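Worksheet for the structure shown next.
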Amino acid sequence: METIVEHIKHKARELGFSESAICDAEPLQDPGQRLLEWLGRGYQGTMDWMSRTRAERAAPRSFFPEAQSIIVVAHNYFRENEPVLRPERQGNISIYARGRDYHKVLRKKLHSLLGYIQTLLPEARGRICVDSFPLLEKPLAVKAGIGWIGKHTNLIIKKKGSYFFLGEILLSAKLPPDPPLAADYCGTCNRCQVACPTGALDEAYVLDARRCISYLNIEHRGEIEPRFREGMGNWVFGCDICQAVCPWNRFSAHTGERDFDNRLPDEWFDLKQLAQMSEKEFRNWFAGTPVLRTGYANFMRNVGIALKNREAGSP
Ligand code: SF4
Ligand code: SF4
1 METIVEHIKH KARELGFSES AICDAEPLQD PGQRLLEWLG RGYQGTMDWM
51 SRTRAERAAP RSFFPEAQSI IVVAHNYFRE NEPVLRPERQ GNISIYARGR
101 DYHKVLRKKL HSLLGYIQTL LPEARGRICV DSFPLLEKPL AVKAGIGWIG
151 KHTNLIIKKK GSYFFLGEIL LSAKLPPDPP LAADYCGTCN RCQVACPTGA
201 LDEAYVLDAR RCISYLNIEH RGEIEPRFRE GMGNWVFGCD ICQAVCPWNR
251 FSAHTGERDF DNRLPDEWFD LKQLAQMSEK EFRNWFAGTP VLRTGYANFM
301 RNVGIALKNR EAGSP
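With the numbering used here, the residue at position 123 of the sequence shown is 123, and numbering never jumps.
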């Protein structure tokens with residue numbers, strides 16, 4: 001007879017999650033300490049919320065005091081037969097952002113999973129997290145045994161890669177935890193560090209967000225320092241370079257989730273066309289995708305940098 005945990009994991013698979021695993025809700029000691037050191041160096045740039053929430057982030061119960069267990073899930077968003085890197089005349093948009101906004105998709109699935117858990121454990125209360133509050137979700141995924149944090153600081157799942165969204169359910173019921181993953185399968189590889197065009201991974205396992213293209217073209221408001229512009233290449237939203245070169249992503253398989261299909265026709269990647277785009281068109285074209293998050297002004301700033309880079313690179 002299947003245990004409650006097996007039923008929960010079975011349901012998670014049915015909902016499309018590639019991985020689901022359980023850890024306790026105790027504070028995260030080492031990752032909490034590493035976060036403080038990282039903040040101490042100012043690597044968060046202008047993401048002030050990271051400093052403001054530093055005390056809570058390593059303590060899951062600060063977001064849900066009743067929490068006894070955490071169910072961590074991973075959902076694949078990779079699409080086969082679609083280039084991660086686009087040709088120079090096109091703007092590159094990180095592949096996670098070419099489909100429907102994952103927050104809505106994952107939240108809906110996690111609500112279904114929580115509803116199912118409550119049919120098995122009627123007394124259990126839960127809180128769903130898909131970036132809704134700043135949990136340290138990658139260390140939680142390691143603690144639950146799903147994968148390890150690679151030198152590029154993304155979570156990698158063995159023989160599955162890193163193109164995954166993470167989500168969590170904080171649960172008031174105590175469930176038996178899965179064993180944490182103690183191993184690190186990066187070995188002597190440093191491809192992500194070498195490939196990063198802006199030096200954001202100069203130190204392995206530490207991301208200097210102030211230099212990271214994903215931070216610069218999504219989170220950073222206003223002008224981008226000239227020293228980073230060339231490295232931004234033709235990225236207009238996010239950056240996938242360190243993941244694209246990672247050998248573990250040779251195992252990436254096609255997502256079964258239709259909501260993560262590419263919603264953007266080829267011509268919308270064209271830099272010259274993007275440069276002519278009005279604010280209304282921006283809102284219409286990228287409706288429902290994470291691209292909207294950066295706002296029209298920042299997106300057009302990114303398109304301008306990509307066009308200049310293209311002109312500079314033209315023969
Ligand atoms: S996302 Fe791009 S810029 Fe950021 S660390 Fe990875 S390769 Fe470097
Ligand atoms: S590219 Fe190599 S070093 Fe970087 S995360 Fe992947 S396996 Fe680890």
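C-beta atoms are modelled at their ideal positions from N, C-alpha and C, and glycine is treated no differently. Only a predicted model underlies this, so the values are computations on that prediction, with no experimental measurement involved.
By the criterion of at least three beta-carbon pairs nearer than 8 Å, the region 151 to 167 is not in contact with the region 34 to 49. Between C23 and the set S62, L171 and C129, the nearest pair of CA atoms involves L171. Around ligand 2, the residues whose beta-carbon falls short of 5 Å from at least one of its heavy atoms are G150, K151, H152, C186, C189, R191, C192 and C246, given in chain order. The straight-line gap separating the alpha-carbon atoms of S51 and D178 is approximately 30 Å.
Per the C-alpha coordinates, the member of C129, V142 and F164 positioned closest to H254 is F164. The region 31 to 39 and the region 51 to 69 touch, with no fewer than 3 CB-CB distances between them shorter than 8 Å.
Burial is judged here by how many other beta carbons sit within 10 angstroms of a residue's own beta carbon; I4 has fewer than 16 and is exposed.
Counting only the Cα atoms, V84 lies some 15 Å from S214. Secondary structure within the region 130 to 183: the alpha helix (DSSP H) runs of 4 or more consecutive residues, fully enclosed, are 137 to 143 (chain order). Relative to ligand 1, the beta carbon of A306 is positioned no closer than 7 Å to any heavy atom.
Only exposed fits E267, as fewer than 16 other CB atoms lie within 10 angstroms of its CB. Put simply, the region 207 to 223 does not touch the region 181 to 189. Fewer than three CB pairs are less than 8 Å apart. The nearest non-hydrogen atom of ligand 1 is less than 7 Å from the C-beta of C196. Here K151 is buried, its C-beta having at least 16 other C-beta atoms within 10 Å. Using a Cβ distance threshold of 8 Å, V236 and A275 do not count as a contacting pair. Between the region 103 to 120 and the region 190 to 208 there are fewer than three C-beta pairs closer than 8 Å, too few to call the two in contact.
Within the DSSP secondary-structure output, A74 pairs in a beta bridge with E19 and L166. By the neighbour-count criterion, in which a residue is buried when 16 or more other Cβ atoms sit within 10 angstroms of its Cβ, D184 is exposed. Secondary structure within the region 214 to 253: the beta strand (DSSP E) runs of 3 or more consecutive residues, fully enclosed, are 235 to 237 (chain order).
One Cα belongs to S69, the other to Y77, and the distance between them is close to 26 Å. A74 and F17 have their C-alpha atoms some 6 Å from each other.
Here the distance from the Cβ of A141 to the nearest heavy atom of ligand 1 is not below 7 Å. Relative to the non-hydrogen atoms of ligand 1, the Cβ of L201 comes within a distance shorter than 7 Å of at least one.
The Cβ atoms of N154 and Q243 lie closer than 8 Å to each other. Taken from the Cβ of L85, every heavy atom of ligand 1 lies 7 Å or farther away. Rounded to the nearest whole angstrom, the C-alpha separation of R100 and A67 is 30 Å. Within the same chain, L135 and E168 come within 6 Å of C129 by CB-CB distance, once the 5 residues on both sides are set aside.
With 16 or more other Cβ atoms from the protein chains shown falling within 10 Å of its own Cβ, R210 counts as buried. Beta-bridge partners assigned by DSSP to Q90: D270. In summary, P290 is buried, with 16 or more beta-carbon neighbours lying within 10 Å of its beta-carbon over all protein chains present. Residue M277 holds the alpha-carbon nearest to the alpha-carbon of M300 among M277, E137 and W38.
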